[in-house]
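J.: Quick note: the sequence shown uses UniProt numbering, first residue 1, plus one each step. Below is the structure I would like to discuss, written out as structure tokens.
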Amino acid sequence: MVAPFFSYTTKDFTHLKTFEALGISAPLCEAIKEMGFESPMPVQEAVIPHLLGGGIDIIALAQTGTGKTAAFGLPILQNIDTSKRYPQALILSPTRELCVQIAKDLANYSKYLDDLNVVAVYGGASIELQMKQISKGVQIVVATPGRLLDLVRRGALDLSKISDVVLDEADEMLNMGFSESIDEILKEIPQERHMLLFSATMPEEIARITRQYMHDPKEIVVGERNVTNKNIRHLYYMVSAKDRYLALKRIADYYPSIYGIIFCRTRRDTQEIADKLIQDGYNADALHGDLSQQQRDYVMQKFRVRNLQLLVATDVAARGLDVDNLTHVIQFGLPDDPESYTHRSGRTARAGKSGISISICHSREKGRLRDIAKLTGVEFERAHIPSGKEICEKQLYNFIDGLENTIPDDERIAPYINGVMNRLSWLDNEQLIRRVVYMELERLIKYYEDAEEIQEVSEKKERAVEREHKTREERRRGVAQKGFERLTINFGKRDKVYPNTLIDIINRCLGSFVEIGKIDIYESRAYFEVKKEDAFTVIDEMNSYDLGGRRIKVEIAKPEADRKESRGEYNRGKRDGKRKENRQFTSGFRREGKRKR
Numbered sequence: 001m002v003a004p005f006f007s008y009t010t011k012d013f014t015h016l017k018t019f020e021a022l023g024i025s026a027p028l029c030e031a032i033k034e035m036g037f038e039s040p041m042p043v044q045e046a047v048i049p050h051l052l053g054g055g056i057d058i059i060a061l062a063q064t065g066t067g068k069t070a071a072f073g074l075p076i077l078q079n080i081d082t083s084k085r086y087p088q089a090l091i092l093s094p095t096r097e098l099c100v101q102i103a104k105d106l107a108n109y110s111k112y113l114d115d116l117n118v119v120a121v122y123g124g125a126s127i128e129l130q131m132k133q134i135s136k137g138v139q140i141v142v143a144t145p146g147r148l149l150d151l152v153r154r155g156a157l158d159l160s161k162i163s164d165v166v167l168d169e170a171d172e173m174l175n176m177g178f179s180e181s182i183d184e185i186l187k188e189i190p191q192e193r194h195m196l197l198f199s200a201t202m203p204e205e206i207a208r209i210t211r212q213y214m215h216d217p218k219e220i221v222v223g224e225r226n227v228t229n230k231n232i233r234h235l236y237y238m239v240s241a242k243d244r245y246l247a248l249k250r251i252a253d254y255y256p257s258i259y260g261i262i263f264c265r266t267r268r269d270t271q272e273i274a275d276k277l278i279q280d281g282y283n284a285d286a287l288h289g290d291l292s293q294q295q296r297d298y299v300m301q302k303f304r305v306r307n308l309q310l311l312v313a314t315d316v317a318a319r320g321l322d323v324d325n326l327t328h329v330i331q332f333g334l335p336d337d338p339e340s341y342t343h344r345s346g347r348t349a350r351a352g353k354s355g356i357s358i359s360i361c362h363s364r365e366k367g368r369l370r371d372i373a374k375l376t377g378v379e380f381e382r383a384h385i386p387s388g389k390e391i392c393e394k395q396l397y398n399f400i401d402g403l404e405n406t407i408p409d410d411e412r413i414a415p416y417i418n419g420v421m422n423r424l425s426w427l428d429n430e431q432l433i434r435r436v437v438y439m440e441l442e443r444l445i446k447y448y449e450d451a452e453e454i455q456e457v458s459e460k461k462e463r464a465v466e467r468e469h470k471t472r473e474e475r476r477r478g479v480a481q482k483g484f485e486r487l488t489i490n491f492g493k494r495d496k497v498y499p500n501t502l503i504d505i506i507n508r509c510l511g512s513f514v515e516i517g518k519i520d521i522y523e524s525r526a527y528f529e530v531k532k533e534d535a536f537t538v539i540d541e542m543n544s545y546d547l548g549g550r551r552i553k554v555e556i557a558k559p560e561a562d563r564k565e566s567r568g569e570y571n572r573g574k575r576d577g578k579r580k581e582n583r584q585f586t587s588g589f590r591r592e593g594k595r596k597r
């Protein structure tokens, strides 16, 4: 059992100028300076002193791209005893790609440390080769959970002397079904270990791991807890489902310099969208689980070096893909849970940069959009599909920016420039510009001249969907419609009471007709609405009658009471099976003396 978290945010720290000031040794500082890192990022400043001090477990809530690898990697490297040739530190990651990237980073950081070996072990590669690497003596193991357990079970890897454990992207590992594997691994490691857990979100399963395996952990929050990166602008477009691909094309055209990931829900959708984009002339490719590991590596490498502008991917396939400088993340349909949205959008705006997360939705997804906003703190902006004219203008201005920022190499073009000038001398400046503009935009101009405008879901319809949702939500919570009062009666389905019989009971008790609104009938109770001005009359009159030998009891319903009734009815059905009806509705009323209210 752990003590309650002692929580920091990165705002609590006074920023230091150098890694030396954090206590990082000279060989490590020299290596990271050669890599271009001059000063620590907030997560590094917060985590490194604790890990160098030793003896502290840490929970770090941080997005990808915040400098996590150096935050745990530098202190671990500094604390390794290189004279001992057995595993002293274990770093678990969800995917092969992230595993390889972490091992590569650690190797770069430690280039000036002698006799220090890091090995990456993951599925999809030769286990015999990995066993051979381990047998030569390693101090740090970076692993995916499945392959690590294979090596442990074969006796090729001994975890009994591990002193530092890192769970990187822990929420992603759990999403991928590694919960039992993590439990099994952590039980193999000595209790006196130090443990560091990195996660973008804090679901209940992560909280369970911290309670079960960590000792008085310190919680460090990079930015704010349970919110997305503030440098990300969150836009959504509301279109019909059939127009989503056309909307995607227009969005891609509107951002000429886009470098981003398009997330799809299924492998089939991913491949279909990528194929359509390629056919329509976009620099795109697909990444999903139906590809071989060799194909996935090839696609990811093309994307990393920006030979691809758009990568269409499933959530699982994109996990561990470590790419900086993404300008956009596009959700081709919203994910099922807010945590997935946080992970998707967190691919952009890394290392202090800004980015845009775009969701292409249809009206039925508005409720999911609202839930994401509520649980993550995201402020979504409604955006409108750009017109053909707006797209052509944006493309043209991007082309002009390129012209203005191009500095010609006069020496290299000197052999050709005179001939070109002679060929174009008959054109004046305006004629030349017109021809250049048309050549650049001809394809787009022709396409959008004939293209139909996409019918967006109007804001009026969106508000109507909102009102409908609100009404359903209020009814779900037992809130009466405007001008009505919601009442409950102690008779239900097992008393053979149904809407028509309930209306008859009400009218016969009152001796007259009253306006009745929504009716909900459950096993032992019913709920109905009457006009507010009739409510107490209905209660008084009906409570003076017996029905079938049992006193009628009508009262004002408590909010959400019928939800509990519904759950109770479901649970009773589970426990008791089909109930035998033994109570009969009887139409005979017997009026008692009228009671005072």
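Glycine included, every Cβ here is placed at the ideal spot set by N, Cα and C.
(1) Quick check: what's the CA-CA separation for residue 29 versus residue 20?
(2) Let me know the alpha helix (DSSP H) ranges lying completely inside the stretch 269-323, each 4 residues or longer, listed in chain order.
(3) When you compare the CB positions of residue 56 and residue 242, do they come within less than 8 Å of one another, or not?
(4) By DSSP, does residue 82 sit in helix, in strand, or in coil?
(5) Go to residue 384, then tell me how far its alpha helix (DSSP H) extends in each direction, as first and last residue.
(6) Return helix, strand or coil for residue 154, following the three-state DSSP convention.
(7) Start and end of the beta strand (DSSP E) containing residue 119?
(8) Classify residue 407 as buried or exposed, calling it buried when 16 or more other Cβ atoms lie within 10 Å of its own Cβ.
(9) Could you name the residues of the same chain whose beta carbon sits closer than 8 Å to that of residue 483, not counting the 5 residues immediately before and after it, in chain order?
(10) In this structure, does DSSP put residue 238 in helix, strand or coil?
(11) With distances taken Cα to Cα, identify the nearest neighbour of residue 455 among 504, 497, 385, 428.
(12) Could you compute how far the alpha carbon of residue 52 sits from the alpha carbon of residue 79?
(13) Using a Cβ-Cβ cutoff of less than 8 Å, which residues in the same chain neighbour residue 435 once the five nearest sequence positions on both sides are dropped?
(14) Does the stretch 536-548 come close enough to the stretch 500-509 that 3 or more CB-CB pairs lie under 8 Å?
(15) Identify, in the order they occur along the chain, each residue of the same chain with its Cβ nearer than 6 Å to the Cβ of residue 365, setting aside the five sequence neighbours on each side.
(16) Measure the alpha-carbon distance for residue 298 versus residue 479 and round it to whole angstroms.
(17) Does residue 572 pass the burial test, meaning 16 or more other C-beta atoms within 10 Å, or should it be called exposed?
(18) Which residues mark the beginning and the end of the beta strand (DSSP E) in which residue 419 is found?
(19) Is there contact here, the stretch 255-274 with the stretch 287-301, by at least three beta-carbon pairs under 8 Å?
(20) To the nearest whole angstrom, what separates the beta carbons of residue 339 and residue 201, a pair I think is in contact under 8 Å?
(21) If you count every other CB in all the chains shown that lies within 10 Å of the CB of residue 513, and 16 or more means buried, which is it?
(22) As a quick exercise: from 425, 486, 453, pick the residue whose alpha carbon is nearest that of residue 559.
(23) Compare the beta carbon distance of residue 394 and residue 254 with 8 Å and say whether it is the shorter of the two.
(24) Could you compute how far the alpha carbon of residue 498 sits from the alpha carbon of residue 536?
(25) If the criterion is Cβ atoms closer than 8 Å, does the pair residue 259 and residue 383 meet it?
(26) For residue 70 and residue 104, I'd like the C-alpha separation in whole angstroms.
(27) So residue 222 packs on residue 42, CB below 8 Å; how close in whole Å?
(28) Can you tell me whether DSSP reads residue 527 as helix, strand or coil?
T.: The relevant details are as follows:
(1) Distance between the alpha carbons of residue 29 and residue 20 is about 7 Å.
(2) DSSP runs (the alpha helix (DSSP H)) wholly in the stretch 269-323: 293-304, 315-318.
(3) At least 8 Å separates the beta-carbon of residue 56 from that of residue 242.
(4) Looking at residue 82 - three-state DSSP - the assignment turns out to be coil, as it is neither helix nor strand.
(5) That residue, residue 384, is in no alpha helix (DSSP H); it is neither H nor E in DSSP.
(6) Residue 154 carries a coil assignment under DSSP once its states are collapsed to helix, strand and coil.
(7) First-last of the beta strand (DSSP E) with residue 119: 118-121.
(8) Label assigned to residue 407: exposed.
(9) Excluding positions up to five away in sequence, the list reads 531, 532.
(10) DSSP places residue 238 in strand when its eight states are reduced to three.
(11) Comparing Cα-Cα distances from residue 455 to each of 504, 497, 385, 428, the minimum goes to 385.
(12) Across the structure, residue 52 and residue 79 are spaced so that their CA atoms are roughly 7 Å apart.
(13) Taken in chain order, the residues that qualify are 427.
(14) Because the criterion of three Cβ pairs below 8 Å is met, the stretch 500-509 and the stretch 536-548 touch.
(15) Hits under 6 Å: 334.
(16) Distance from the CA of residue 298 to the CA of residue 479, rounded to the nearest whole angstrom, comes to 56 Å.
(17) For residue 572, the pLDDT reaches just 39, beneath the cut-off of 50, and the residue's location in the model is therefore unreliable, although a value from the coordinates is still provided. Counting Cβ neighbours within 10 Å, residue 572 comes out exposed, since fewer than 16 surround it.
(18) Here residue 419 belongs to no beta strand (DSSP E); instead the alpha helix (DSSP H) covers 410-424.
(19) In short, these stretches touch, since the Cβ pair count reaches three.
(20) With 8 Å as the limit, residue 339 and residue 201 qualify as a contact, their Cβ atoms being about 4 Å apart.
(21) So residue 513 counts as exposed.
(22) Of 425, 486, 453, the residue nearest in Cα terms is 486.
(23) Judged by beta-carbon spacing, residue 254 lies within the 8 Å limit of residue 394, meaning their Cβ atoms are closer than that value.
(24) One C-alpha to the other measures close to 23 Å.
(25) No Cβ-Cβ contact shorter than 8 Å links residue 259 with residue 383.
(26) Spanning the two alpha carbons is a distance of roughly 12 Å.
(27) Contact flag correct, Cβ pair sits at about 6 Å.
(28) Looking at residue 527 - three-state DSSP - the assignment turns out to be strand.
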